[in-house]
Structure formats: structure tokens, C-alpha cells
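Report on one structure; see the data block that follows.
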Amino acid sequence: MSDDASGDRGAGSAGSDADFGPYEAVYAHPEGDATVGRQVKTAAEYGFEGVLVRTGGAEYDPGTLADRYGVDVVRGVEIDAEDPQGASGAVGTHRSECTVVLVRGGTDALNRFAVEQDRVDVLARPFDGEGDVNHVLVKAAVDHDVRIEFDLGAVLRDDGGTRVRRLRKLRKLRELVDYFDAPYVVSATAASHLRLRAPRDLAAVGEQIGFGADAVREGLAEWGRLAARNRERLSESFISPGVQRGRDDE
Numbered sequence: 069m070s071d072d073a074s075g076d077r078g079a080g081s082a083g084s085d086a087d088f089g090p091y092e093a094v095y096a097h098p099e100g101d102a103t104v105g106r107q108v109k110t111a112a113e114y115g116f117e118g119v120l121v122r123t124g125g126a127e128y129d130p131g132t133l134a135d136r137y138g139v140d141v142v143r144g145v146e147i148d149a150e151d152p153q154g155a156s157g158a159v160g161t162h163r164s165e166c167t168v169v170l171v172r173g174g175t176d177a178l179n180r181f182a183v184e185q186d187r188v189d190v191l192a193r194p195f196d197g198e199g200d201v202n203h204v205l206v207k208a209a210v211d212h213d214v215r216i217e218f219d220l221g222a223v224l225r226d227d228g229g230t231r232v233r234r235l236r237k238l239r240k241l242r243e244l245v246d247y248f249d250a251p252y253v254v255s256a257t258a259a260s261h262l263r264l265r266a267p268r269d270l271a272a273v274g275e276q277i278g279f280g281a282d283a284v285r286e287g288l289a290e291w292g293r294l295a296a297r298n299r300e301r302l303s304e305s306f307i308s309p310g311v312q313r314g315r316d317d318e
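Count the sequence shown with our numbering and you get residues 69 to 318, in order.
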């Protein structure tokens, strides 16, 4: 099976109008501590229906893993750049190669860049470093259909003051996303299969930031909906939203 963006559809894939169960977005070797196969195997055991691989340099065949473990495997890339200029070039390089394109935030400049780009699917880890998210950025995310990530990793793995500060920021983001009805995704940002958490565990953490369990499930399922939408857009039959190439148009 092809590894390009249009060829990563695996077991459990469905159209954009289907109902989706929980997906997780993970790091893998060489950026993470586990292979893609190990991450996918563990995610399947935990009850996830799909796995998005954030590490662009990872070597794997989505179709083979999907068939082996019975879950959808999505080729993605998380762009980690020093500034918006570097991020812009990387987005252009990877947009046609990967089903889902994320930009790692963490500074105000990168957060702003990500939510203002139609070519970007997800603003990832917006609170890494000194970055923050305000109402202006959330409104931009709505306008450009960019999902903002609720990164539960720090809440799961940190303690003390770091955890308290992250909880405060996530609660603020939750209020803004709810007020503006902004698109969002949820993840534990696991770099190892040992750091993966089952959907029910993530729902429990979500309660601490004002999420109900249903809202967390929606954020996990959004990865799958996003992948399905992008696969459709990358297919040869796609022309524009709501319009597909008919037999007479070929």
C-alpha cells in the first residue's frame, strides 16, 4: 500500500460523514521512544479506533499496520520550527505528502501563524514554552478551520506548579473554545507506548479542566473526522466542498 497522503487509508477508515470512535496522535522513533508499530499495537489494546503518527521521519506502512492491528493508521507530520518563516516552508513541503499537518506552537508568534493558515490542520501543543492562546487566536482558528489541541500530556506527567499552571491554561482555553465553538482535538501527546492512556483515562483528566466525558470523546474522535475529510479532499474525485467530479467531468 502506498505511504503517501492519499494512500494511508487503513482498516477502520470511513467517509467524512461517518461516526468516529477515539483516535490518538502519537510520536514515534526517531522523535519518540517507541516504534510506530508498538504505538499502534498499544493504542489498539486500549480501545482506540485509529492512530495518527505525528513524526514525519518515522518509517512504517500504514496499511500493513492497519491490517495487523485492526485500527486506522494515519500519516501525519508535526512541524517543529523556530519561527513562522521556517514553519511556512515546512508546511508547503509536507502538505501534499501527509494526510494531516500539525504545527507545534509554544510561542505567541507560532501560535498565531498556525491558526491563520488554511493549509494547517492543527495547532499542536500551544502552551509549550511561553506561548498562550487568547480570543483573537481562537477566532482566527474558527475562520481558518484550524483545530486547537488540548495537550493533556503535561497534566498526566507533571506535578506541582507546572501541572497547576498547565491546568489553568487549559481551563481558559476550554472556555474560549466553548464560547466561540472552535474546532479542537484532544491528545496525551505520548512519545512512548508507556505514556499512552486509554480514552476513559483521558476523559477523567478532561473533567479537571471543565470538560465532560463527551467533550473529550469528541476531541479524540475529531482526529478521525479530520483524516477522513483530508483523504476525501486528496482523492481524485474532489473539486471543492460539496462538489465532486462526476463521470461526465472526467
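Positions of the beta carbon are idealized from the N, C-alpha and C atoms, including for glycine.
In the structure shown, what three-state DSSP assignment does Val223 receive? Your numbering for residue 223 matches position 155 in the sequence shown. If DSSP states are grouped into helix, strand and coil, Val223 belongs with the helices.
Would His203 be called buried (16 or more neighbouring beta carbons within 10 Å of its own) or exposed? What you label residue 203 is simply residue 135 of the sequence shown in a count that begins at 1. With fewer than 16 Cβ atoms within 10 Å of its Cβ, His203 is classed as exposed.
Short Cβ contact (8 angstroms threshold) for Pro267 with Pro90: Counting from 1 along the sequence shown, the entry for residue 267 is found at position 199. Counting from 1 along the sequence shown, the entry for residue 90 is found at position 22. Yes. Within cutoff.
If you reduce the DSSP assignment to three classes, tell me which class Leu178 lands in. Locating residue 178 in the sequence shown gives position 110, counting from the first residue. Three-state result, Leu178: helix.
Can you check which of these residues, Ala96, Gly115, Ala222, is closest to Gly197 by C-alpha distance? Here residue 197 refers to the residue found at position 129 of the sequence shown. If we check each option's Cα against that of Gly197, Ala222 comes out closest.
Identity of the residues DSSP links to Ala158 by a beta bridge: Within the sequence shown, the letter at position 90 stands for residue 158. Bridge partners of Ala158: none, in fact.
Checking 8 angstroms against the spacing of the C-beta atoms, do Ile147 and Arg172 come in under that value? Numbered from 1 along the sequence shown, position 79 holds the residue referred to as residue 147. Numbered from 1 along the sequence shown, position 104 holds the residue referred to as residue 172. Contact: yes.
Distance between Gly280 and Glu117 (C-alpha atoms, nearest Å): The residue you call residue 117 lines up with position 49 of the sequence shown. The residue you call residue 280 lines up with position 212 of the sequence shown. Taking the straight line joining both Cα atoms gives about 20 angstroms.
Let me know the secondary structure DSSP gives Tyr252 once reduced to three states. Residue mapping note: residue 252 aligns to position 184 of the sequence shown, counting from 1. In the structure shown, Tyr252 sits in a strand (DSSP, three-state: E or B).
From Arg239 to His261, what does the alpha carbon distance come to, in whole angstroms? Sequence index remark: in the sequence shown, residue 239 carries index 171 (1-based). Sequence index remark: in the sequence shown, residue 261 carries index 193 (1-based). Straight-line Cα distance between these residues: approximately 27 angstroms.
Of the residues Gly228, Arg299, Trp291, the one placed nearest Val254, counting alpha carbons only: Here residue 254 corresponds to residue number 186 of the sequence shown, with the count starting at 1. Checking every option, the nearest Cα to that of Val254 belongs to Trp291.
Nearest-angstrom Cα distance between Gly278 and Leu220? Working through the sequence shown from its first residue, we reach residue 278 at position 210. Working through the sequence shown from its first residue, we reach residue 220 at position 152. Straight-line Cα distance between these residues: approximately 13 angstroms.
Please classify Glu300: does DSSP put it in a helix, a strand, or coil? Indexing the sequence shown from 1 puts residue 300 at position 232. Helix at Glu300.
Give me the Cα-Cα distance between Gly124 and Glu243, rounded to the nearest whole angstrom. As a first step, residue 124 is located in the sequence shown; it is residue number 56 there, counting from the start. As a first step, residue 243 is located in the sequence shown; it is residue number 175 there, counting from the start. When rounded, the distance between both Cα atoms is 32 angstroms.
Arg143: which of Thr103, Glu165, Asp211 sits nearest, CA to CA? The sequence position of residue 143 within the sequence shown is 75, counting from 1. Minimum Cα distance to Arg143 is reached at Glu165.
Selected residue, minimal CA-CA separation from Val168, among Thr230, Glu113, Val159: Indexing the sequence shown from 1 puts residue 168 at position 100. It is Val159 whose Cα lies nearest to the Cα of Val168.
Bridge partner(s) assigned by DSSP for Ala192: As a first step, residue 192 must be located in the sequence shown, where it is residue number 124. DSSP, once it has assigned bridges, lists Arg172 as partnering Ala192.
Integer-rounded CB distance, given that Val104 should sit under 8 angstroms from Ala355: This structure cannot settle anything about residue 355, because the visible part of the chain is limited to 69 through 318.
Tell me the rounded alpha-carbon separation between Ile216 and Arg236. The residue labelled residue 216 in the question sits at position 148 within the sequence shown. The residue labelled residue 236 in the question sits at position 168 within the sequence shown. Cα-Cα distance, rounded: 16 angstroms.
For Gly80, which residues from the same chain have a beta carbon less than 8 angstroms from its beta carbon, with the 5 sequence-adjacent residues on both sides left out? As a first step, residue 80 must be located in the sequence shown, where it is residue number 12. Note on Gly80: pLDDT 39, under 50, position unreliable in the model; no value is reported.
Could you have a look at Leu264 and say whether DSSP puts it in helix, strand or coil? Taking the sequence shown and counting its residues from 1, the one referred to as residue 264 is at position 196. Here Leu264 sits in coil by DSSP.
Could you say which of Val206, Val108, Gln185, Arg297 lies nearest to Thr132 if we only look at CA atoms? Numbered from its first residue, the sequence shown carries residue 132 at position 64. Comparing Cα-Cα distances from Thr132 to each of Val206, Val108, Gln185, Arg297, the minimum goes to Val108.
According to DSSP, Val229 sits in a beta bridge with which residue or residues? Taking the first residue of the sequence shown as position 1, residue 229 is located at position 161. Looking at the sequence shown, residue 229 is not Val but Gly. None, per the DSSP bridge assignment.
Assuming Val188 and Leu224 make a contact with CB atoms under 8 angstroms, what is their CB distance in whole Å? Counted from its first residue, the sequence shown places residue 188 at position 120. Counted from its first residue, the sequence shown places residue 224 at position 156. Contact flag wrong, Cβ pair sits at about 25 angstroms.
Tell me the rounded alpha-carbon separation between Asp176 and Asp213. In the sequence shown, residue 176 corresponds to position 108, counting from 1. In the sequence shown, residue 213 corresponds to position 145, counting from 1. The alpha-carbon separation between Asp176 and Asp213 amounts to approximately 19 angstroms.
On the three-state DSSP scale, how would you describe Glu184? Position 116 of the sequence shown holds residue 184. If DSSP states are grouped into helix, strand and coil, Glu184 belongs with coil.
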